[in-house]
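Trainee: Take 903 as the starting number for the sequence shown in the numbering used here and just add one per residue.
Below you'll find the structure I mean.
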Amino acid sequence: MIRRRTLKDKMLVYESFMPGKTYVIETGYVRVVSTEASGRYVTRSLFGSGAILGDLPFGLTTFQNAESAVANGTATVLELDRVSIERASQADANLRQGLLETYGHQLHFLDRRLQWQLTSPLQRRVAMTLVDLMCFEGQPCNHGVGYIVDVRMTHEELAELVVASRPNVSAIMKTLRDQDILSYTRGYVCVRDLDALSRIVTLDAIPARDLPNLSPR
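In structure tokens:
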């Protein structure tokens, strides 16, 4: 049985890890967070369309019991039974291949962030996070040449993702804006030069056409 929910900003997808429950992001973004004693959410990771959360099929678990998931802006999330997904994928080669590809992308993102979290310069960590978000749901940008990352993300939330202070992250964002690599307001981030942004992440540019896309659209 599939349960589809459309959630407003900061509404709970799940409060804690639920064995047997798997969640697929159909549209929008979801933050995986931990909760401080004060009740404040601290962002641990951010996923977009096509990502799989919760109790992952076939025992591949990367989410902790104490973590919650909340909508980041408006999001549509599918809630499924893990066992049902496993049975369906055993009978459907395309579904099985899709699951493997999604796992591969998600693990790649998580592994890269873990490796670079403490060793890479802050500018590279910020650029890497934005490039990863493009892989989920980059769309042609109405604000000018480039792409829009249509996600509500404050500088504070971005700072939590890259493990840095908000003032330092804001300074990096301003530098990238001054270089016409991106523009932003409180409500969106617009990547204007994806190849330039990717050159910050790696020594070689990643052409926009070669970026993986997790979005089902």
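We put the beta carbon where it would ideally sit given N, CA and C, even for glycine.
(1) Give me the Cβ distance between Phe875 and Gly956, rounded to the nearest whole Å; I'm assuming they're in contact under 8 Å.
(2) From the DSSP output, in three-state form, read off Phe949 for me.
(3) Distance, Cα to Cα, Leu1116 vs Asp983?
(4) Quick test of your reading: Ala977 and Gly930, contact by CB under 8 Å. State the CB separation rounded to the nearest angstrom.
(5) So, at 8 Å on beta carbons, what are the nonlocal neighbours of Gly922 in its own chain, with the 5 sequence-adjacent residues on each side left out?
(6) For Met1075, count the other beta carbons within 10 Å of its own beta carbon; 16 or more makes it buried, fewer makes it exposed. Which is it?
(7) Only counting the same chain, and skipping five residues up and downstream in sequence, which positions put a Cβ closer than 7 Å to that of Leu997?
(8) Does the distance from the C-beta atom of Val926 to that of Leu1002 stay below 9 Å?
(9) Does the beta-carbon of Gln999 have 16 or more other beta-carbons within 10 angstroms, so that it is buried, or is it exposed?
(10) Tell me where the alpha helix (DSSP H) around Val915 begins and ends.
(11) Leaving out the 5 sequence neighbours to the left and right, which residues in its chain are closer than 7 Å to Ile1083 when beta-carbon positions are compared?
(12) Given a threshold of 16 other Cβ atoms within 10 Å of its Cβ, counted over all protein chains shown, does Val944 qualify as buried or as exposed?
Mentor: Once the coordinates are examined:
(1) Residue 875 cannot be examined here, being either before or after the span of the chain that is shown, 903 to 1119.
(2) strand
(3) Residue placement at Leu1116 cannot be trusted, given a pLDDT of 44 that sits under 50; what the coordinates show is reported in the next sentence. Distance between the alpha carbons of Leu1116 and Asp983 is about 21 Å.
(4) 3 Å
(5) Asp957, Asp983, Arg984, Val985
(6) buried
(7) Ala990, Ser991
(8) no
(9) exposed
(10) Not the alpha helix (DSSP H): Val915 falls in the beta strand (DSSP E), residues 914–916.
(11) Arg1094, Asp1095, Ala1098, Leu1099
(12) exposed
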